Every structure is written in C-alpha cells, then in structure tokens.
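Participant: If you number the sequence shown the way the working numbering does, the last residue is 201 and the count never jumps. Right, I'll just put the structure down here and ask away after.
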Amino acid sequence: MLAPEVRAALIRLALEMRERAYCPYSRYQVGAALLAEDGALYGGCNVENASYGGTICAERTALVKAVSEGARRFSALAVATVNGGSPCGICRQFLYEFAPNLHILLVDSAGIVRAEYSLRELLPHGFGATFLE
Ligand SMILES: [Zn+2]
C-alpha cells in the first residue's frame, strides 16, 4: 500500500498538473501524477487541440513523459479532475501496457479521494503483450 506521504505527494502533484491543463474546448481540466517503482514522480495534464482527435489526456501525457525519461515500471497514479473523473478507455489500455496492477486514486479539485481502483478493475481482461507472443 502507498505510504501516507507518497500518497499526499501524488495527490499534490496531480492537483498542480491540473492547473496546467490546456483544455479550451472541453474546459475539463485534468492533472495526473504517476509514481514509478523507483520512487520518481511524473506529472501530466490534458492537452487539447482544435483538431479534437489530436488531444492527449493527462494520464497518457504523464506516462509518455515517464517512459521517455527511462521509467518502465509504475505502482500508482493519481488523477485530479473537478469531480473525480475516471480514466478514459484509451488511457486504461495505455497504462495496462506498463502497469496492469497500477493502483489508481481519483481525486476531486479539493484533493479529496473519490475512489480507488486497481487498473485490472478498470480494465478487466485487458489486451497485453502476451497475446502477441
Ligand atoms: Zn484518457
């Protein structure tokens, strides 16, 4: 389980990242904080685009930043939205690639944890590399 101070740091970073969201179309600010197994934290926000399909979510931003910095193993993710929103389907799949057992905290804009899940709960029977062997 997450140590209280790590949990607090994850939530704090997700809230900070939420402030950086670029979301002029949806106006739904999302911040994410990803905890690597070595203890490093990676943050991300949603970045929308006038060509809507080019939009990237906060969760994938954080994961892309982390992987591009050399991290490959992750243990927890906090996602901050106004109302404790849950990761979209694409993000669930994207996270499953690296961390099928990821622990996920969904927090609101006040930092209150609205729900906690494992990624396997959010994406049961996920598609992964073993199907491609
Ligand atoms: Zn998403």
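The beta-carbon is built from N, C-alpha and C at its ideal position, and this holds for glycine as well. The structure presented is a predicted model; accordingly, all values stated were derived computationally and were not measured.
Cα separation between asparagine 169 and proline 155?
Facilitator: Position 101 of the sequence shown, counted from the start, is the residue given in the question as residue 169. Position 87 of the sequence shown, counted from the start, is the residue given in the question as residue 155. When rounded, the distance between both Cα atoms is 15 Å.
Participant: Would you check if the distance between the CB atom of alanine 101 and the CB atom of alanine 82 is smaller than 7 Å?
Facilitator: Counting from 1 along the sequence shown, the entry for residue 101 is found at position 33. Counting from 1 along the sequence shown, the entry for residue 82 is found at position 14. Yes. Within cutoff.
Participant: Look up glycine 99 in the DSSP assignment and give the residues it is bridged to.
Facilitator: For the purposes of this step, residue 99 is taken as the residue at position 31 of the sequence shown. In DSSP, glycine 99 forms a bridge with Cys113 and Ala148.
Participant: I need the DSSP call for isoleucine 124, collapsed to helix, strand or coil.
Facilitator: If you number the sequence shown from 1, residue 124 lands on position 56. Note: isoleucine 124 maps to strand in three-state DSSP.
Participant: Using 10 angstroms around the beta-carbon of alanine 71, count the other beta-carbons present and answer buried if the total reaches 16, otherwise exposed.
Facilitator: Working through the sequence shown from its first residue, we reach residue 71 at position 3. That one is exposed.
Participant: I need the DSSP call for isoleucine 180, collapsed to helix, strand or coil.
Facilitator: The count along the sequence shown starts at 1 and reaches residue 180 at position 112. Reduced to three states, the DSSP call for isoleucine 180 is coil.
Participant: So the candidates are Tyr110, Tyr90 and Ala197; which of them puts its Cα closest to the Cα of threonine 123?
Facilitator: Working through the sequence shown from its first residue, we reach residue 123 at position 55. Answer by Cα proximity: Tyr90.
Participant: Closer than 6 Å: is that where the CB of cysteine 91 sits relative to any heavy atom of ligand 1?
Facilitator: Numbered from its first residue, the sequence shown carries residue 91 at position 23. For ligand 1, not one heavy atom lies less than 6 Å from the Cβ of cysteine 91.
Participant: Around the Cβ of valine 114, are there at least 16 other Cβ atoms within 10 angstroms (buried) or fewer (exposed)?
Facilitator: As a position in the sequence shown, residue 114 is number 46, starting the count at 1. One detail in the question is off: residue 114 reads as asparagine in this sequence, not valine. Buried is the call here.
Participant: How about cysteine 113: is its Cβ closer than 6 Å to a heavy atom in ligand 1?
Facilitator: By one-based count along the sequence shown, residue 113 stands at place 45. Every heavy atom of ligand 1 is 6 Å or more from the Cβ of cysteine 113, so no.
Participant: Measuring alpha carbon to alpha carbon, tell me which of Tyr96, Ala144 and Ala139 ends up nearest alanine 76.
Facilitator: The residue you call residue 76 lines up with position 8 of the sequence shown. It is Ala144.
Participant: Could you check what DSSP says for phenylalanine 142 in three-state terms: helix, strand or coil?
Facilitator: Along the sequence shown, read from residue 1 onward, the residue named residue 142 stands at position 74. Three-state result, phenylalanine 142: strand.
Participant: Is the distance from the Cβ of glycine 194 to the Cβ of tyrosine 164 below 7 Å?
Facilitator: Taking the first residue of the sequence shown as position 1, residue 194 is located at position 126. Taking the first residue of the sequence shown as position 1, residue 164 is located at position 96. Their beta carbons are under 7 Å apart, which means glycine 194 touches tyrosine 164 by this criterion.
Participant: Given the structure, does cysteine 124 come close to ligand 1, in the sense that its CB is under 6 Å from one of the ligand's heavy atoms?
Facilitator: Looking up residue 124 in the sequence shown gives position 56. Per the sequence shown, residue 124 should be read as isoleucine rather than cysteine. No.
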